[in-house]
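Asks: Quick note: to get our numbering, add 3 to the position in the sequence shown (first position is 1).
Ideal Cβ positions, reconstructed from N, Cα and C, are used throughout, including at glycine.
Given the structure is predicted, the values throughout are model-derived calculations rather than measurements.
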Amino acid sequence: MTLLLEPGPFMPKRRTTSRYKAIAFVASDVSAAQQARRRLVRRYGDARPEAADVVVALGGDGLMLATLQRFMNSGKPIYGMHRGTVGFLMNEYSDNGLVERLNAAEVSVIHPLLMRARDAAGRVHRHRAINEVSLFRQTYQAARLCVRIDGKVRLPDLVADGVLLATPAGSTAYNLSVQGPIIPIGAPLMALTPISPFRPRRWRGALLPDDARVTVDVLEADKRPVAAVADHDEVRSVRSVEIGMDHSIAMHMLFDPGHSLDERILREQFGY
């Protein structure tokens with residue numbers, strides 16, 4: 004006969020150990036995000052970011068990118084909940100069960116791009132990007148760009164509105180809107196995609212290994228000025244831009260089971 008013993012004074016209830024005891028909340032300026040933050044802080048407390056085990060970001064994809072940038076070197080995992088406009092990088096919002104959701108979350112590891120842009124005065128600007136680094140024409144005239152991969156010229160004269168290099172995480176963002184390929188999050192690849200190419204007409208971009216170094220030189224830079232943008236950091240009137248993936252930085256994004264970044268990217272390829 005099997006005896007089922009109920010917890011009593013000499014048998015304490017079994018407790019589930021949480022990996023994330025101290026939670027820091029950050030939120031965008033929109034009212035829905037600020038209201039959500041107040042509710043969650045009352046319920047779960049609010050640790051200082053530097054002392055937190057996990058950062059919960061409340062807003063849209065813009066807030067998530069800013070949070071990833073802010074905590075890029077901290078090693079802290081980031082869990083987003085959608086309280087903004089676009090929420091591709093976010094989980095669904097709920098006041099309930101946050102600790103349980105954090106403990107059950109799946110981890111996606113992403114690496115940023117490092118951009119080194121030299122401007123007309125010879126200054127070098129360094130910025131990192133989660134999604135993509137883009138070069139855009141600044142005036143009505145198309146840009147003329149020379150593209151080198153690992154030092155070898157691959158496109159001596161690209162005439163276009165610009166060109167971008169996207170990470171797998173960013174491949175479903177601006178890269179997709181200019182007809183670039185979607186890349187699975189774990190693939191060791193980057194997407195090099197033209198923006199409204201005029202010459203060569205048939206070039207639609209390339210998939211590159213994620214250890215490649217891309218250099219874009221601006222031709223006729225005074226006549227056809229070009230800006231370089233790493234996510235939201237812009238450098239005007241650049242002369243050359245070097246871009247590569249920075250594997251020394253690993254960012255950990257948390258997603259609810261069944262809604263990982265891999266799954267979202269896969270769904271995007273089938274239009275739902």
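In terms of DSSP beta bridges, what is E135 paired with?
Replies: Position 132 of the sequence shown, counted from the start, is the residue given in the question as residue 135. Paired residue(s): A169.
Asks: Can you list, in chain order, the residues of its chain whose CB lies under 6 Å from that of S240, leaving out five sequence neighbours each side?
Replies: Residue 240 sits at position 237 when you count from the first residue of the sequence shown. Hits under 6 Å: D122, A123, P228.
Asks: If you drop the 5 nearest sequence neighbours on each side, which residues of the same chain put their C-beta closer than 7 Å to that of F28?
Replies: Within the sequence shown, the letter at position 25 stands for residue 28. Once the five neighbours on either side are set aside, the close Cβ partners of F28 are R40, L43, V44, D49, V59, L61.
Asks: Buried or exposed: K24, going by 16 or more other Cβ atoms within 10 Å of its Cβ?
Replies: As a first step, residue 24 is located in the sequence shown; it is residue number 21 there, counting from the start. Its Cβ having fewer than 16 others within 10 Å, K24 is exposed.
Asks: Once the 5 residues before and after E53 are set aside, which same chain residues still bring their CB inside 7 Å of it?
Replies: Position 50 of the sequence shown holds residue 53. Nothing meets the Cβ criterion.
Asks: Can you tell me whether N134 is buried or exposed, with buried defined as 16 or more other CB within 10 angstroms of its CB?
Replies: For the purposes of this step, residue 134 is taken as the residue at position 131 of the sequence shown. It counts as buried.
Asks: Could you name each continuous beta strand (DSSP E) segment of 3 residues or more that falls completely within the segment 203 to 275, going from the start of the chain to the end?
Replies: If we require 3 residues or more, the beta strand (DSSP E) runs fully inside the segment 203 to 275 come out as 209 to 212, 217 to 222, 229 to 233, 236 to 238, 241 to 248, 254 to 258.
Asks: Distance check for M67 and S31, CA to CA, integer angstroms please.
Replies: Along the sequence shown, read from residue 1 onward, the residue named residue 31 stands at position 28. Along the sequence shown, read from residue 1 onward, the residue named residue 67 stands at position 64. Between S31 and M67, the C-alpha separation is close to 9 Å.
Asks: Note down the Cα distance separating M84 from L257, rounded to an integer number of angstroms.
Replies: Working through the sequence shown from its first residue, we reach residue 84 at position 81. Working through the sequence shown from its first residue, we reach residue 257 at position 254. C-alpha separation (whole angstroms): 10 Å.
Asks: Could you please give me the residues that DSSP links to R140 through a beta bridge?
Replies: On the sequence shown, residue 140 is found 137 positions in, with the first residue counted as 1. DSSP, once it has assigned bridges, lists V229 as partnering R140.
Asks: State yes or no: is the C-beta of I26 within less than 9 Å of the C-beta of T175?
Replies: If you number the sequence shown from 1, residue 26 lands on position 23. If you number the sequence shown from 1, residue 175 lands on position 172. It is not a contact, given that the beta carbons lie outside the stated cut-off.
Asks: Between which two residues does the alpha helix (DSSP H) containing D64 stretch?
Replies: As a working mapping, residue 64 is identified with position 61 in the sequence shown. Taken as a continuous stretch (DSSP letters only), the alpha helix (DSSP H) holding D64 covers 64 to 73.
Asks: Quick one: what does DSSP say S21 is sitting in, helix, strand or coil?
Replies: As a first step, residue 21 is located in the sequence shown; it is residue number 18 there, counting from the start. In this structure, S21 counts as coil in the three-state DSSP scheme.
Asks: Please work out which residues of its chain come closer than 7 Å, Cβ to Cβ, to A35, disregarding the five sequence neighbours upstream and downstream, and give them in chain order.
Replies: The count along the sequence shown starts at 1 and reaches residue 35 at position 32. Within the same chain, A35 has close Cβ partners R86.
Asks: When you compare each of D265, S77, I246, P197 to V136 by their alpha carbons, which one comes out closest?
Replies: In the sequence shown, counting from the first residue as 1, residue 136 sits at position 133. Cα-wise, what sits closest to V136 is I246.
Asks: What residues in its chain sit with their C-beta under 7 Å from that of P260, if we drop five residues either side in the sequence?
Replies: What you label residue 260 is simply residue 257 of the sequence shown in a count that begins at 1. Answer for P260: A107, E109, listed in chain order.
Asks: According to DSSP, is P80 helix, strand or coil?
Replies: Here residue 80 refers to the residue found at position 77 of the sequence shown. Correct three-state label for P80: coil.
Asks: Please identify the residue among S77, G90, V162 whose C-alpha is closest to the C-alpha of R204.
Replies: Position 201 of the sequence shown, counted from the start, is the residue given in the question as residue 204. It is V162.
Asks: Using C-beta distances below 7 Å, list every residue in its chain close to R51, excluding the 5 sequence neighbours before and after it, in chain order.
Replies: The count along the sequence shown starts at 1 and reaches residue 51 at position 48. Around R51: A27.
Asks: Does the distance from the CB of S263 to the CB of I188 come in under 9 Å?
Replies: Residue numbering aside, residue 263 sits at position 260 when the sequence shown is read from its first letter. Residue numbering aside, residue 188 sits at position 185 when the sequence shown is read from its first letter. Taking 9 Å as the Cβ cut-off, S263 and I188 qualify as a contacting pair.
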